[in-house]
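Residue numbers (the working numbering): 37 to 310.
Remarks on the structure that follows.
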């Protein structure tokens with residue numbers, strides 16, 4: 037029988053090997069929610085949630101909060117469901133951010149459903165760098181439409197410095213390379229690929245038929261996706277969020293090129309007709 041809590045812990049350990057400040061980054065995002073919303077009930081869209089790392093932390097800290105955890109990966113979401121459950125405070129949603137309506141099957145319309153929800157905060161980490169610039173622009177504009185004045189957007193990720201800031205880029209890259217060499221080559225800690233290999237083997241040992249189908253579904257969803265970093269610069273994130281209606285946009289936390297970008301939604305302004 038699978039110990040789902042242990043598997044989730046192994047996921048956290050593997051992710052922290054890449055980013056030692058991972059928990060500090062999570063805690064900073066949650067601090068923003070606490071200071072911004074206080075004791076008021078609020079709903080968080082955990083965008084590109086993976087196994088729901090943000091949702092689990094939000095629900096544990098804020099008894100008045102509700103989360104919608106949305107992702108493309110059915111296997112990681114299954115891990116999250118087994119760990120954090122499915123209940124009135126936590127909804128899981130299949131989404132494909134590369135599709136105009138976020139549809140996974142070409143028929144569903146998650147964006148339309150989200151428009152029926154009141155989304156006070158959108159939180160995402162280590163995910164939107166996979167989106168190509170055109171998709172990133174569309175997603176940010178859609179989020180701007182989903183949120184209302186005073187709502188917040190928080191994106192924790194590596195965001196490249198401007199191209200002319202070669203020293204800043206070089207230092208950030210060298211720090212990352214040194215850490216990877218120490219952690220994965222010298223200390224032999226589990227990396228992303230070996231974690232997935234071990235998790236797949238565990239699932240197939242538990243229930244070859246059910247988990248074989250789930251893993252096949254995951255493979256099909258990712259088969260035609262370009263798994264390379266698009267690496268949009270931070271200035272692009274800031275400019276697009278501003279265009280999407282977030283009147284305050286700036287890093288609220290940063291370690292080298294890894295930052296939390298905070299956006300505060302301004303009022304919806306009707307276009308002037310001439």
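A virtual CB, placed ideally from N, CA and C, is assigned to each residue, including glycine.
Values in this document were obtained by computation on a predicted structure and should not be read as measured data.
Restricting to Cα atoms, I'd like to know which of the options is closest to residue i.
i, options, result
"residue 84", "215, 111, 163, 136", "163"
"residue 30", "283, 81, 170", "With the chain represented from 37 up to 310, any question about residue 30 goes unanswered, as that position is not in the structure."
"residue 218", "39, 55, 42", "55"
"residue 158", "132, 193, 194, 188", "188"
"residue 261", "88, 135, 216, 200", "135"
"residue 58", "240, 141, 161, 72", "161"
"residue 268", "169, 48, 116, 87", "169"
"residue 165", "300, 295, 304, 283", "295"
"residue 256", "72, 53, 111", "111"
Just the Cα atoms here: how many angstroms apart are residue i and residue j?
i, j, result
"residue 273", "residue 37", "43 Å"
"residue 254", "residue 137", "20 Å"
"residue 223", "residue 270", "32 Å"
"residue 94", "residue 69", "9 Å"
"residue 285", "residue 191", "11 Å"
"residue 92", "residue 51", "15 Å"
"residue 63", "residue 252", "35 Å"
"residue 129", "residue 246", "20 Å"
"residue 210", "residue 89", "28 Å"
Would you list the residues sitting across from residue i in a DSSP beta bridge?
i, result
"residue 290", "295"
"residue 282", "301"
"residue 196", "269"
"residue 111", "None, per the DSSP bridge assignment."
"residue 78", "101"
Is residue i near residue j, with beta carbons less than 8 Å apart?
i, j, result
"residue 175", "residue 182", "no"
"residue 76", "residue 154", "no"
"residue 40", "residue 118", "yes"
"residue 148", "residue 302", "no"
"residue 120", "residue 208", "no"
"residue 108", "residue 132", "yes"
"residue 289", "residue 97", "no"
"residue 44", "residue 115", "yes"
"residue 282", "residue 180", "yes"
message: Can you confirm whether the stretch 92–105 touches the stretch 125–132 when touching is taken to mean that 3 or more C-beta pairs between the two stretches lie within less than 8 Å?
response: yes
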